[in-house]
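Some notes on the structure that comes next.
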Amino acid sequence: MKLVINCFTNNYASFSGRAGRKEYWLFFLTMIIINIIASIVEFSTNLYYILDQIHIGILTTLIYLFLLVPGTAVTVRRLHDTNKSWRWIILVYGPLIGLVLVLIIFEFRADMLGIVGFGEEVKNFYGKIMLALTIISIAALVGSIWLLVLMTFKGTEGENRFGPDPLASSTTDSGGTA
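Take a look at the structure:
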């Protein structure tokens, strides 16, 4: 638990150094538990709004925004532990940013077309948007799966270009249990 608390305090925005598998997965599990609890609270108290028949939780949205920085930081440090650059995180964030951009373009273009009827131009536009969203979503899914696979790799033993081995420091701190 100390590792998770450390992610929210000392390492909240620390993108340097290394994080072991234990730190990463405990933080990941904590994020999941927090979001499940937030979702239960939202649906039991109607603390969400509906946008085009999609329930968007106010509390979970705020939690995602709060967890974005420490979640990214611990992921970058975990990549560092496997001697990989932070750039690997682009596998996930790149397509997600692309998805947001496509949705923004869709919104502006839909306003410009004044989508009321379903003329040929509107049908072509919807087809292009759906194709782009499908491709970007698949890229984000593949990137997320690969990043999760990378998170399971054993860290570099001993010091690497990103710093000392987190297991070496935890064995001396906790009497030999890593």
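For the working numbering, count along the sequence shown from 1 and bump the result up by 222. All residues carry an ideal CB built from backbone N, CA and C; glycine is no exception.
Just the Cα atoms here: how many angstroms apart are residue i and residue j?
i: Leu389; j: Arg299; result: 13 angstroms
i: Thr304; j: Phe250; result: 17 angstroms
i: Phe375; j: Arg309; result: 17 angstroms
i: Asp387; j: Leu269; result: 43 angstroms
i: Asp395; j: Arg383; result: The predicted position of Asp395 is uncertain, since its pLDDT is 48 and thus under 50; no value can be drawn from it.
i: Leu225; j: Leu318; result: 28 angstroms
i: Ile259; j: Thr294; result: 21 angstroms
i: Trp247; j: Leu370; result: 10 angstroms
i: Trp368; j: Gly316; result: 14 angstroms
i: Val322; j: Phe347; result: 17 angstroms
i: Ile227; j: Asn257; result: 17 angstroms
In the DSSP output, what is residue i paired with across the bridge?
i: Gly365; result: DSSP output for Gly365 lists no bridge partner at all.
i: Tyr271; result: Ile278
Do the CB positions of residue i and residue j come within less than 8 angstroms of each other?
i: Met253; j: Leu281; result: no
i: Val324; j: Ile351; result: yes
i: Ala241; j: Val314; result: no
i: Tyr271; j: Ile262; result: no
i: Ile312; j: Leu301; result: no
i: Gly320; j: Ile358; result: yes
i: Phe230; j: Pro292; result: yes
i: Lys306; j: Leu353; result: no
i: Gly385; j: Gly239; result: yes
i: Arg243; j: Gly380; result: no
Can you give me the start and stop residues for the alpha helix (DSSP H) that residue i sits inside?
i: Trp247; result: Arg243 to Thr267
i: Asp387; result: First-last for Asp387: undefined, no H or E at that position.
i: Lys224; result: Lys224 to Phe230
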